[in-house]
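**Student:** Note that the sequence shown ends on residue 747 in UniProt numbering; no numbers are left out.
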Amino acid sequence: RVVVGTKVDQDHANWVTAYNMLTGIRFTVSRTNAKIDRELTDADFVARHKFSFDITGNELTPSAKYDFKFKDYAPWVFRHLRAIFKLDPADYLMSLTSKYILSELGSPGKSGSFFYFSRDYKYIIKTIHHAEHKFLRKILRDYYNHVRDNPNTLLSQFYGLHRVKIPYGRKIHFVVMNNLFPPHRDIHRTFDLKGSTIGRDFKEDELDKNPRATLKDLNWLRRSLHLEFGPTKKSAFIHQMERDVKLLQKLKIMDYSLLVGIHDLERGNEENLRDKTLQVFQPGGEQAEETPHNMLMRTPSKLENARKAKELRQLMWSQKPIPMDKSINKMPDDVQEGKKDFYFYSDDGGFRATHEDDSPGEEIYYLGIIDCLTYYSLIKRGEHFFKGLTNTESQISAIPPERYGDRFVKFISGITKTRERAEAEKLAESTN
Ligand code: ATP
Ligand code: CA
Ligand code: CA
316 RVVVGTKVDQ DHANWVTAYN MLTGIRFTVS RTNAKIDREL TDADFVARHK FSFDITGNEL
376 TPSAKYDFKF KDYAPWVFRH LRAIFKLDPA DYLMSLTSKY ILSELGSPGK SGSFFYFSRD
436 YKYIIKTIHH AEHKFLRKIL RDYYNHVRDN PNTLLSQFYG LHRVKIPYGR KIHFVVMNNL
496 FPPHRDIHRT FDLKGSTIGR DFKEDELDKN PRATLKDLNW LRRSLHLEFG PTKKSAFIHQ
556 MERDVKLLQK LKIMDYSLLV GIHDLERGNE ENLRDKTLQV FQPGGEQAEE TPHNMLMRTP
616 SKLENARKAK ELRQLMWSQK PIPMDKSINK MPDDVQEGKK DFYFYSDDGG FRATHEDDSP
676 GEEIYYLGII DCLTYYSLIK RGEHFFKGLT NTESQISAIP PERYGDRFVK FISGITKTRE
736 RAEAEKLAES TN
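#1: State the start and end residues of the unbroken alpha helix (DSSP H) segment that holds N348.
#2: Could you spell out the range, first to last residue, of the alpha helix (DSSP H) harbouring E585?
#3: L533 lies in the alpha helix (DSSP H); which residues open and close that run?
#4: On the three-pair Cβ rule with 8 Å, is the segment 674–681 touching the segment 530–540?
#5: Quick one: what's got a C-beta closer than 6 Å to R456's C-beta in the same chain, skipping five residues either side?
#6: Between L562 and I454, what straight-line distance do the alpha-carbon atoms span, to the nearest angstrom?
#7: Runs of 3 residues minimum, wholly inside the segment 445–504: which ones carry the beta strand (DSSP E) assignment?
#8: Check the C-beta distance from R506 over to V560 and give it rounded, since I have them as a contact under 8 Å.
#9: Based on the DSSP output, what are the partners of Y690 in its beta bridges?
#10: Would you grab the beta carbon distance between M569 and T689 for me? Rounded to a whole angstrom, and I think it's under 8 Å.
#11: Any idea what DSSP makes of L396, helix, strand or coil?
#12: Determine the DSSP secondary structure at F429, reduced to helix, strand or coil.
#13: Among the residues of its own chain, which have a CB less than 6 Å from the CB of H364, if the five just before and after it don't count?
#14: Beta carbon of G424: closer than 7 Å to some heavy atom of ligand 3?
#15: Which residues mark the beginning and the end of the beta strand (DSSP E) in which D387 is found?
#16: Compare the beta carbon distance of I684 and S471 with 8 Å and say whether it is the shorter of the two.
#17: Judging by CA-CA distance, which residue of C687, Q651, N329 is the nearest neighbour of F723?
#18: The beta strand (DSSP E) with R667 in it runs from where to where?
#19: Do H503 and A737 have their beta-carbon atoms positioned less than 8 Å apart in this structure?
#20: To the nearest angstrom, report how far apart D721 and H554 are at their CA atoms.
#21: Given a threshold of 16 other Cβ atoms within 10 Å of its Cβ, counted over all protein chains shown, does E585 qualify as buried or as exposed?
#22: Could you check whether the Cβ of M336 sits closer than 7 Å to any heavy atom belonging to ligand 1?
#23: Taking just the CA atoms, how far does L522 sit from K548?
#24: What number of angstroms, rounded off, separates the C-alpha of F473 from the C-alpha of S428?
#25: So, with DSSP's three-state summary, where would you put T442?
#26: Would you check whether ligand 2 has a heavy atom nearer than 7 Å to the C-beta of residue 748?
#27: Please report how far the alpha carbon of K437 lies from the alpha carbon of Y407, in whole angstroms.
#28: Cβ of I439 within 7 Å of any heavy atom in ligand 1?
#29: When you compare only the Cα positions, how much space is there between L618 and E419?
#30: Could you tell me if the beta carbon of S572 falls within a distance shorter than 7 Å of some heavy atom in ligand 2?
#31: Tell me which residues share the same chain as P636 and place their Cβ nearer than 8 Å to its Cβ, disregarding the 5 neighbours each side in the sequence.
#32: Roughly how many angstroms lie between the CA atoms of V650 and E354, to the nearest whole one?
#33: Nearest by alpha-carbon distance to R346: which of L375, I370, E581 is it?
#34: Measure how close the beta-carbons of K567 and Y691 come, nearest whole angstrom, since I'm counting them as under 8 Å.
#35: Is it right to say H477 is buried, meaning 16 or more other beta carbons lie within 10 angstroms of its own, or is it exposed?
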């Protein structure tokens with residue numbers, strides 16, 4: 316299993332799938348956005364709409380390059396979610412569908428899910444299993460209410476839930492969500508933390524080959540790292556995490572992790588912007604290679620802005636596919652406007668470290684709770700039983716959701732402290 320971020324162009328094996336996903340998103344999202352906003356109803360949470368696309372087009376759907384079926388789930392709920400998360404509706408469509416370009420990360424986890432980035436790196440499309448899909452629909456109301464009451468949630472932000480199917484092909488379910496990592500900042504280290512130690516080690520000697528690998532709990536502990544937040548940020552962070560985890564426990568979810576990307580301000584971004592490559596996240600185990608994406612980091616010129624505006628008009632008014640643009644992708648040089656309003660994403664899209672006196676620290680953390688659609692099902696119970704035979708419960712990851720959540724909160728809270736405090740504690744310990 317090779318994990319690389321590759322551009323999905325017309326020669327790519329998953330080009331048709333990617334094209335169909337984006338065409339479906341573009342059609343259904345514009346369709347919902349075109350209507351006058353209204354309050355949600357009970358029916359909105361269970362709504363689903365099916366569309367058939369073909370090369371000729373029909374009275375309902377525009378013509379597309381390929382024949383496929385597309386299902387749109389709870390469009391009004393997701394429209395409202397996107398509004399709560401302050402996404403600009405036009406921008407959302409632009410990012411995802413103005414050029415039909417995605418970068419595919421392949422399947423980084425064990426689950427077999429595929430990950431795609433929008434061309435500007437703001438959004439992630441993750442294919443999910445049917446069980447996860449059904450589960451998300453089941454918990455949608457709880458998730459919605461939670462997000463509405465906790466706009467600063469650390470949980471994954473879901474922006475859309477859809478399904479594509481080509482004739483004789485299998486059904487592919489997918490969600491659109493936030494990319495926690497910023498397009499304009501190097502992430503120097505990435506960790507996926509669960510608060511468990513069994514199997515939570517990335518082989519350190521593989522790091523040379525794969526410097527951007529996602530590390531795990533044991534790697535974190537080995538480095539004696541901390542989430543360096545002074546009193547104010549620490550209490551806000553832990554408080555929100557507790558509220559989020561409470562929801563996950565109530566919904567019997569487990570196996571989620573805190574994803575942490577660390578940007579070291581002193582190191583900053585690499586000097587040579589021309590050679591800047593897309594920072595693909597490269598989780599777990601396998602050897603992965605970084606691919607150049609020729610993503611130039613620069614401010615768009617007036618001309619480009621004009622072009623963007625024109626494309627946008629085209630996008631809003633025409634149903635014709637916009638021709639493929641093989642030119643270089645631009646990366647945004649700043650974070651989305653809306654993000655600044657969210658506490659944990661307000662320091663350049665992330666959450667800056669602070670000292671004991673709350674003065675700013677040397678790192679920006681990009682963090683959130685990810686992979687939160689695993690229901691504590693029979694399969695997991697089986698794993699619990701099996702693993703339980705050989706390991707003590709504090710070490711295994713497959714424990715019931717209640718305890719999984721408690722252990723998660725305990726671990727993350729335990730590693731949330733400033734450097735000063737950590738040193739003071741160590742000193743006190745050694746003099747005892
Ligand atoms: P598994 O179930 O085996 O853990 P999965 O296929 O469900 O895997 P995730 O755990 O959701 O995958 O994610 C795998 C990796 O992808 C994460 O460790 C992280 O590096 C990256 N990733 C996932 N979601 C995001 C996100 N929202 N922003 C940035 N990176 C992400
Ligand atoms: Ca995971
Ligand atoms: Ca998973």
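Glycine included, every Cβ here is placed at the ideal spot set by N, Cα and C.
Bear in mind that the values here come from a model prediction, so they are computed numbers and not experimental data.
**Tutor:** In short:
#1: 330–348
#2: Per DSSP, E585 belongs to no alpha helix (DSSP H) and is neither H nor E.
#3: 532–537
#4: no
#5: F360
#6: 10 Å
#7: 473–480, 487–493
#8: The sequence given here places Phe at residue 506; Arg does not occur at that position. Their Cβ separation, rounded to whole angstroms, is 18 Å, which puts F506 and V560 out of contact at 8 Å.
#9: I568
#10: 6 Å
#11: helix
#12: coil
#13: D387
#14: yes
#15: 383–388
#16: yes
#17: C687
#18: 666–669
#19: no
#20: 13 Å
#21: exposed
#22: no
#23: 31 Å
#24: 16 Å
#25: strand
#26: No information on residue 748 is available, as it lies outside the stretch 316 to 747 that the chain covers here.
#27: 9 Å
#28: yes
#29: Confidence at L618 is low in this model, with a pLDDT of 48, below 50, so the placement of that residue should be treated as unreliable; the coordinate-derived value is given next. Going from the Cα of L618 to the Cα of E419 covers about 29 Å.
#30: yes
#31: The pLDDT assigned to P636 is 40, lower than 50, so where the model puts this residue is not dependable, and the model offers no usable value.
#32: 29 Å
#33: L375
#34: 5 Å
#35: buried
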